[in-house]
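Below is one structure, written out as structure tokens; the observations come after it.
2 protein chains.
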Amino acid sequence: MRYLKYVLLLFVSIGLMGCGDSSSSSGDGGAPASYVPPGEKDDYYLFYSGGHSGQVFVAGLPSLREIQTVPVFTPSPGHGYGFDKKSKEMMGDYKWGDVHHPGLSKTDGTYDGRWLFVNDNANNRVARISLRDFKTKQILGPIPNSMGNHGSSFVTPNTEYLLVATRFSVPLPKGRHAPIETYEENFNGIVSGLKVDQETGEMSVGWQVKTPPFNWDLGSTGKGPSDGWAFWTSYNTEMAHDSLEINASQRDRDYAAFVNWERAAEVVANQDIDTQNGVPLIDPAEHEGVMYFVPVSKSPHGIDASPSGRWIVASGKLQPTTTVFDFEQFTTAVENENFQGEFRGVPVVNYDAVVEGEVPVGQGPLHTQYDGEGNAYTSLFIESAVAKWSLPPWDDETKQDMTQAVKDKIGVQYNIGHLLIPGSDTKEPYGEWLVAMNKLKKDRGLSVGPEMPETSQLIDISGEEMSMIEEDYTPPEPHFAQAVPADVIDPIEVYQKENNDHPEARWDTKNTGVTRSGDQVTVHMIAKRSQYYPDKIEVQQGDEVTFHLTNIEQVSDMIHGLGIAEHNMNAIVSPGETKTFTIEADRSGVYPFYCTNFCSALHQEMQGYLEVVPQ
Amino acid sequence: MRYLKYVLLLFVSIGLMGCGDSSSSSGDGGAPASYVPPGEKDDYYLFYSGGHSGQVFVAGLPSLREIQTVPVFTPSPGHGYGFDKKSKEMMGDYKWGDVHHPGLSKTDGTYDGRWLFVNDNANNRVARISLRDFKTKQILGPIPNSMGNHGSSFVTPNTEYLLVATRFSVPLPKGRHAPIETYEENFNGIVSGLKVDQETGEMSVGWQVKTPPFNWDLGSTGKGPSDGWAFWTSYNTEMAHDSLEINASQRDRDYAAFVNWERAAEVVANQDIDTQNGVPLIDPAEHEGVMYFVPVSKSPHGIDASPSGRWIVASGKLQPTTTVFDFEQFTTAVENENFQGEFRGVPVVNYDAVVEGEVPVGQGPLHTQYDGEGNAYTSLFIESAVAKWSLPPWDDETKQDMTQAVKDKIGVQYNIGHLLIPGSDTKEPYGEWLVAMNKLKKDRGLSVGPEMPETSQLIDISGEEMSMIEEDYTPPEPHFAQAVPADVIDPIEVYQKENNDHPEARWDTKNTGVTRSGDQVTVHMIAKRSQYYPDKIEVQQGDEVTFHLTNIEQVSDMIHGLGIAEHNMNAIVSPGETKTFTIEADRSGVYPFYCTNFCSALHQEMQGYLEVVPQ
């Protein structure tokens, strides 16, 4: 793929020869750098959060082509997800989620390609997807004491913890009622440390920190000098509980929370902390060093630690600057107790003691990403643009006139929210590309009526100036995304027979069949090109019929389905996989079942009949 | 967009000047013809059936970028579909469908941009999508007496009817049990004529024709000389009921059914036909002229009427030729009763009397599309290729050596099923592009584990030789697709206030509020930037709470959501739309609700609280 860029340059250089005319918005004369010819592969995996679709969308970079939807919080019959016993149990009572912030697992501060973690803001959960088979393995939650798991999931440099914070506050313990008018007294927010088992990836709730009823927004984890810390902004330190668009925008400064998660873990390990709903709940007023507040500009949204971990950048969407905090100055301020006061026993650090500078990036700054070469890129919601600017250290001239820190600006269509540079939250970002995640499609591309998709735009950041290359659409509604070089991921495409640990798996058609115990019927079934064993099942009306379906193929892409006519069932089994599912044989008659996922030339002939004999 | 092709040619012509080097597989030196620069629009809407995902995918042509998923048979929280009262009732008992063949509405044999009809093979239904707002308006079914609505939905030249046929056979009436061993005696297939109301598009079951227990496969409708007719192939005239991959491939010739739907409608209108499950059921043995059988080569799949309506092309996937029937010869054969026999009272037309020729297209021919310039394009499953060949009339030399009818062949990756040319089933195809819909992804593009997407490939058919331009991926699992020029569709993006006929709609915040009757609580709510009215709702534990939510915005893309924490509810309302939905307030506590679909700078502040007071 990369050679395309040189082709690009070639055409630029020979533009004068009259063959530089082109359709590419990148101003060159060749194929756009986003073009991946048939048969070639993208350079990066791009993982979009799916918002209220409840899923994760996997795309390729630079082409932006969506490759796969990974079902997480919402049933997906195309994958048989939410129809078999295991995935149904994992999803629990909820048929949707609101996925905002994917977090890739890390080792030594860089992506390791093991897992992807995503949050559910609506039902207070976190899910883990394995990047070996791109399937959801665990859904943790609803998290106790937690409401609105929005500031989530932020991964520590070695995936020891996922740090998550609540967007909403409720009376604790969850389920207790208190009038909303008593919001300040009775409601609380929560920061949680979710432990991740290093071998299995299994998540568990390690501990929680009680906070005032602020609405915690975005966050990030520290590294280098700030390793052991996590950061969140709040847009409602006013503690408003109604008409927030007015009442939560009163103060010129809100707070960011700087949380020492290593200290929190120590406190819980070494002291006897009261638990709430089974979780050790730390009151930061009683345990020094766990949490500090830092003033940030009005109604902040994003707060992003730089690759070095020294610079913590927060943007206040109602103020035209982004603020750079120096974590080293923060450490000094804490040591010297350079505080401007406290709030509910939590020290409020003196703003001037920790600010390195305020960069006039433009109107409506939200989130910041890094290219690993000393540049920061901030999304400007109101301007519909991306600003490129220099991280400190700044020369004296720049310090006198911070406009000089801003290097370039490019318009996007329209109203950008998050933006993404591969590896931005690692210690060594990959740079090269920036994806602008725009919130309003409006007139971009063909109209599909009142319900519109979102748009993504690909920006080349390999040069001094940014250039717009490509535009694509996504289902509602990505909020953030992460991208990782293709070679970091090592997917399996077949489940080896010897690794299938399903107790009811069958590999020999001789061992398949139908057994009965009372009105419970069990079917051990094998699917292989191009037949089911058995392909005739006779039951009595009123039976409950449980299938254990094994796909005994050991060949890539040889997926089989089992759709049962008029019984609301579609199972999908990958090569070497066994799934269990149950139907009620409540109506008499004959009901065909058939392979729903194309498998071979005789796929159409892969079918059978369920006979339901009337009582 | 079209000028891109000239840029393409420009580069070809100046290739010798040394600036023709490129990455494009189209062999040119410019941007690929599939490239739609940011801000420009695609030329065609491409409507993919979503297979067992149960949805329709809307993409742009030539870019192949997916723009939107239209939820049809499967709940989709990203659209709030399947969560509100109306869509839940429309979906009935089923949470998925198996969508195979989209059919665009027609006027005078060309697409009119009103509706898109799609089938559900699993639960025997047909849905209608309005192309004004790209939303599902009606789901008809399960269709009485019908099992496996696969040969569906084929639209008549003026959308008078959708013609659909069953893939499976069952004992009639549906629900009757008979042992599968009595398949030949007790089981039947069905061809249905679904009436379409010309004003509203409302579908109803007009009549049905009883058939032997053949597995009907693909079909198409006639036009010109064959107007009034519809055609289906069957791959199981052996009437096998087990191990079909062997037992349904015994005969060298299966049958196609030629059904005169105008005659069927006459019969029902003018004679007293017995009904079954409320539908007039025609026995073709008793009503001459309704149905004829035509022998076709072994295990046929597709049967496609040419733009003129004279040539009916059927392909037998186990024979390396595609067969061209002459409908005029068919008419003569019927007039002269040139039959080789009959099957269950249905005349079997003499094969030699109706065949114009057999074209040696290659291995595993499945489906055929037309470019409107006398060329046919047949997908070759086994060869993984597309063959371009000439329709009759053929010169004598070609008739002597039919290989001369084959003009070009191009490889695809891999195992193509359907293929698509815009307007192929109309009297005036648009040509220009061909989309190969490939069934196996295998190693194409980045790996996403065992569950793989499908691939689509864009082929430029504007020249003598076909050329491969672009490749993209789709979720599981498109079977067929249709495409229409963008200017044929006229979408609305805002529901005008005056057109909102929801009886509980509210437009003035003064008229919103919470009312109670026993334990039934009703909330009349307005959503507008950036607040809900009301944004505080107090109920008693055990109440059933019904919301009538109106989005009073009248601006494009100003969509609002309403997600209720831990209550499995996400509503989405488009500008000017009102939706009704209900939750159970079964747990005490305080539960935030918030806008799940980005709306404006203060979207994050758009929230409220549901107070559930304990009993």
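Order-wise, the sequence lines are chains A and B. For the first sequence, the residue numbers in the numbering used here are 1 to 615. For the second sequence, the residue numbers in the numbering used here are 616 to 1230. Each residue gets a CB set at the ideal place from its N, CA and C atoms; glycine is no exception.
| query | In chain order, which beta strand (DSSP E) runs of at least 3 residues are fully inside the region 268-335 of chain A? | reply | Counting only runs of 3 or more, we get 279-282, 291-297, 300-305, 311-316, 322-326.
| task | Over the uninterrupted beta strand (DSSP E) stretch that includes A/N375, give me the two end residues. | result | What you label residue 375 of chain A is simply residue 375 of the first sequence in a count that begins at 1. Run containing A/N375: 375-380, per the beta strand (DSSP E) assignment.
| said: Quick check on A/N215: buried or exposed, where buried means 16 or more other Cβ atoms within 10 Å of its Cβ? | reply: As a first step, residue 215 of chain A is located in the first sequence; it is residue number 215 there, counting from the start. Around the C-beta of A/N215, 16 or more other C-beta atoms lie within 10 Å, and the residue is accordingly described as buried.
| query | So with Cβ pairs under 9 Å, would you call B/H902 a contact of chain A? | reply | Working through the second sequence from its first residue, we reach residue 902 of chain B at position 287. Chain A, which has no Cβ nearer than 9 Å to the Cβ of B/H902, makes this no.
| Is DSSP giving A/K442 helix, strand or coil here? | Numbered from its first residue, the first sequence carries residue 442 of chain A at position 442. The DSSP-derived three-state label of A/K442 is coil.
| Assigned exposure category for B/P1118 - 16 Cβ within 10 Å defines buried | Locating residue 1118 of chain B in the second sequence gives position 503, where the first residue counts as 1. B/P1118 comes out exposed.
| message | So, under 8 Å CB-CB, B/L1049 and B/I1031 are touching, yes? Tell me the CB distance rounded to an integer number of Å. | response | Within the second sequence, residue 1049 of chain B is the residue found at index 434, counting from 1. Within the second sequence, residue 1031 of chain B is the residue found at index 416, counting from 1. Contact doesn't hold; Cβ gap of about 11 Å is too wide.
| task | List the residues of chain B whose Cβ lies closer than 9 Å to the Cβ of A/F499, in chain order. | result | As a first step, residue 499 of chain A must be located in the first sequence, where it is residue number 499. Phe is not the amino acid found at residue 499 of chain A; the sequence shown has Asn there. Simply none; closest approach about 12 Å.
| Can you give the beta carbon distance from B/V970 to B/T938, rounded, assuming they're within the 8 Å contact cut? | Locating residue 970 of chain B in the second sequence gives position 355, counting from the first residue. Locating residue 938 of chain B in the second sequence gives position 323, counting from the first residue. Contact flag correct, Cβ pair sits at about 6 Å.
| task | Have a look at B/F662 and A/M437 and give me their C-alpha separation to the nearest angstrom. | result | Taking the first residue of the second sequence as position 1, residue 662 of chain B is located at position 47. Taking the first residue of the first sequence as position 1, residue 437 of chain A is located at position 437. Annotation: B/F662 to A/M437 spans about 25 Å, alpha carbon to alpha carbon.
| message | Is the separation between the beta-carbon of A/T72 and that of A/G51 shorter than 9 Å? | response | To locate residue 72 of chain A, count along the first sequence from 1; it is residue 72. To locate residue 51 of chain A, count along the first sequence from 1; it is residue 51. Per the sequence shown, the amino acid found at residue 72 of chain A is Val instead of Thr. No. Outside cutoff.
| message | Taking the straight line between their C-alpha atoms, what separation do you get for B/D1105 and B/R729? | response | Residue mapping note: residue 1105 of chain B aligns to position 490 of the second sequence, counting from 1. Residue mapping note: residue 729 of chain B aligns to position 114 of the second sequence, counting from 1. B/D1105 and B/R729: Cα-Cα distance of roughly 9 Å.
| query | By the 10 Å Cβ neighbour count, where 16 or more other Cβ atoms means buried, how is A/S49 classified, buried or exposed? | reply | Counting from one through the first sequence, the residue named residue 49 of chain A turns up at place 49. With 16 or more other Cβ atoms within 10 Å, it is buried.
| Do you know how far the Cα of A/P212 is from the Cα of A/N186? | Looking up residue 186 of chain A in the first sequence gives position 186. Looking up residue 212 of chain A in the first sequence gives position 212. Linking A/N186 to A/P212 through their CA atoms gives a straight-line distance of about 10 Å.
| request: Give the range of the alpha helix (DSSP H) segment to which B/D1201 is assigned. | output: Within the second sequence, numbered from 1, the residue matching residue 1201 of chain B stands at position 586. Counting along the chain, B/D1201 falls outside any alpha helix (DSSP H), and DSSP gives it neither H nor E.
| task | Could you have a look at B/P1229 and say whether DSSP puts it in helix, strand or coil? | result | Along the second sequence, one-based indexing puts residue 1229 of chain B at 614. Note: B/P1229 maps to coil in three-state DSSP.
| request: Could you work out which residue in A/D84, A/V164, A/T522 is closest to A/V118 when comparing CA atoms only? | output: Looking up residue 118 of chain A in the first sequence gives position 118. Of the candidates A/D84, A/V164, A/T522, the one whose C-alpha sits nearest the C-alpha of A/V118 is A/V164.
| request: Round the Cβ separation of B/P899 and B/D869 to the nearest angstrom and send it over; I've been treating them as touching at under 8 Å. | output: In the second sequence, counting from the first residue as 1, residue 899 of chain B sits at position 284. In the second sequence, counting from the first residue as 1, residue 869 of chain B sits at position 254. Contact between B/P899 and B/D869 does not hold, since their C-beta atoms are separated by about 17 Å, which reaches or exceeds 8 Å.
| field | Neighbour flag for B/S638 against chain A, beta carbons, 9 Å | value | Here residue 638 of chain B is taken as the residue at index 23 of the second sequence, counted from 1. Unreliable placement is indicated for B/S638, whose pLDDT of 36 sits below 50; the coordinate value is still reported in the next sentence. For B/S638, the answer is yes, since a Cβ of chain A falls inside 9 Å of its Cβ.
| task | Grab the span of the beta strand (DSSP E) containing A/I650 for me, first residue to last. | result | Residue numbering for chain A in the displayed model covers 1 to 615; residue 650 of chain A lies beyond these limits and cannot be assessed.
| If you draw a straight line from the alpha carbon of A/N145 to that of B/R1202, how long is it in whole angstroms? | As a first step, residue 145 of chain A must be located in the first sequence, where it is residue number 145. As a first step, residue 1202 of chain B must be located in the second sequence, where it is residue number 587. If I take the Cα positions, the gap works out to 15 Å.
| said: In whole angstroms, give me the CA-to-CA distance for B/V556 and A/S76. | reply: Residue 556 of chain B lies beyond the residue range present for chain B, which begins at 616 and ends at 1230; the question has no answer from this structure.
| message | Among the candidates A/A601, A/A264, A/G206, whose CA atom is the shortest distance from the CA of B/E998? | response | For the purposes of this step, residue 998 of chain B is identified with residue 383 of the second sequence, where counting begins at 1. Comparing alpha carbon positions, the residue from A/A601, A/A264, A/G206 closest to B/E998 is A/A601.
| Taking a cut of 7 Å between CB atoms, which residues from the region 556-569 of chain A lie near chain B? | From the region 556-569 of chain A, only S556, D557, I559, G561, G563, A565, E566, N568 have a Cβ closer than 7 Å to chain B.
| Cβ of A/M466 less than 9 Å from any chain E Cβ? | Within the model displayed, chain E is absent; protein chains A and B are what it includes.
| query | chain B beta carbons: is any one of them nearer than 9 Å to that of A/H301? | reply | Here residue 301 of chain A is taken as the residue at index 301 of the first sequence, counted from 1. True, the Cβ-Cβ gap to chain B drops below 9 Å.
| message | For B/Y709, tell me which candidate among A/P592, A/E584, A/K579, A/H567 has the shortest Cα-Cα distance. | response | Position 94 of the second sequence, counted from the first residue, corresponds to residue 709 of chain B. Nearest to B/Y709 by alpha-carbon distance, out of A/P592, A/E584, A/K579, A/H567, is A/H567.
| field | Closer than 9 Å to chain A by CB, B/L1055 | value | The count along the second sequence starts at 1 and reaches residue 1055 of chain B at position 440. B/L1055 counts as touching chain A.
| query | Of all Cβ atoms in chain A, is any one closer than 9 Å to the Cβ of B/N830? | reply | The residue labelled residue 830 of chain B in the question sits at position 215 within the second sequence. Yes - at least one Cβ of chain A is within 9 Å of the one on B/N830.
| message | Measuring alpha carbon to alpha carbon, tell me which residue in B/A1002, B/G1157, B/G1026, B/Q1028 is nearest B/E1018. | response | Start at 1 with the first residue of the second sequence, and residue 1018 of chain B comes out as number 403. In the sequence on display, residue 1018 of chain B carries Thr and not Glu. For the set B/A1002, B/G1157, B/G1026, B/Q1028, the Cα lying nearest the Cα of B/T1018 is the one of B/A1002.
| Chain-ordered chain B contacts of A/Y255 [CB-CB under 7 Å] | Numbered from its first residue, the first sequence carries residue 255 of chain A at position 255. Per Cβ cutoff of 7 Å: no residues; A/Y255 is ~16 Å from chain B at best.
| message | Does the region 1060-1073 of chain B come into contact with the region 973-992 of chain B, if we say contact requires no fewer than three beta-carbon pairs (one atom in each stretch) closer than 8 Å? | response | Counting C-beta pairs with one atom in each stretch, the region 1060-1073 of chain B and the region 973-992 of chain B have fewer than three that are closer than 8 Å, which means they do not touch.
| said: Using 8 Å for Cβ pairs, my map puts B/A920 next to B/S841. What's the rounded Cβ distance? | reply: Stepping through the second sequence from its first residue, residue 920 of chain B is reached at position 305. Stepping through the second sequence from its first residue, residue 841 of chain B is reached at position 226. The Cβ separation is near 6 Å, so the contact holds.
| field | Residues in the region 675-692 of chain B having any Cβ partner in chain A nearer than 9 Å | value | For chain A, the residues of the region 675-692 of chain B that bring a beta carbon within less than 9 Å of one of its beta carbons are G675, S678, L679, R680, E681, I682, Q683, T684, V685, F688, T689, P690, S691, P692, in chain order.
| task | Express the C-alpha separation of A/S530 and A/T166 in angstroms, rounding to a whole number. | result | Looking up residue 166 of chain A in the first sequence gives position 166. Looking up residue 530 of chain A in the first sequence gives position 530. In a straight line, the C-alpha of A/T166 is about 51 Å away from that of A/S530.
| Run of the beta strand (DSSP E) containing B/I861, from where it starts to where it stops | On the second sequence, residue 861 of chain B is found 246 positions in, with the first residue counted as 1. Counting along the chain, B/I861 falls outside any beta strand (DSSP E), though it belongs to the alpha helix (DSSP H) covering 859-862.
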